[in-house]
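Asks:
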Amino acid sequence: MVAGAMKKNLHPQYRPIVFRDPSVGFAFLTRSTLTSDRTIEWEDGRTYPVVDVDVSSASHPFYTGRGRILDTAGRVERFNQRYGKTS
């Protein structure tokens, strides 16, 4: 075997695939070793396998800036009122 050559049929096939976040209608084409039985026609007119994801950069609160701010002070006060300090 030639030095640096990979063994055949050992590694999964690395191919183009579309990841789609259906909750916001966001999709992107990349390469991956994942497989899927479902396909989608992409903007270039070709058909690619598609994998639906629950969260993407288009829907995650950290990336969109739509995160909730928790009222931690109010929670601590309610805890102290409910259980009180025993000292």
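Offset between the sequence shown (1-based) and the working numbering: plus 960. Even for Gly, the Cβ is constructed at its ideal location relative to N, Cα and C. On a predicted model such as this, the values are computed, not experimentally measured, just so you know.
If Y1008 sits next to V978, beta carbons under 8 Å apart, how far is it from one beta carbon to the other, in whole angstroms?
Replies: Here residue 1008 is taken as the residue at index 48 of the sequence shown, counted from 1. Here residue 978 is taken as the residue at index 18 of the sequence shown, counted from 1. The Cβ separation is near 5 Å, so the contact holds.
Asks: Let me know if V1010 comes out buried or exposed under the rule of 16 or more other beta-carbons within 10 Å of its beta-carbon.
Replies: Indexing the sequence shown from 1 puts residue 1010 at position 50. Per the 10 Å Cβ criterion, buried.
Asks: Under the DSSP definition of a beta bridge, which residues are partnered with R1006?
Replies: Translated into the one-based positions of the sequence shown, residue 1006 becomes position 46. In DSSP, R1006 forms no bridge with anything.
Asks: Does A987 pass the burial test, meaning 16 or more other C-beta atoms within 10 Å, or should it be called exposed?
Replies: Locating residue 987 in the sequence shown gives position 27, where the first residue counts as 1. By the 10 Å Cβ count, A987 comes out buried.
Asks: Mapping DSSP to helix, strand and coil, what is R975?
Replies: Residue numbering aside, residue 975 sits at position 15 when the sequence shown is read from its first letter. In this structure, R975 counts as strand in the three-state DSSP scheme.
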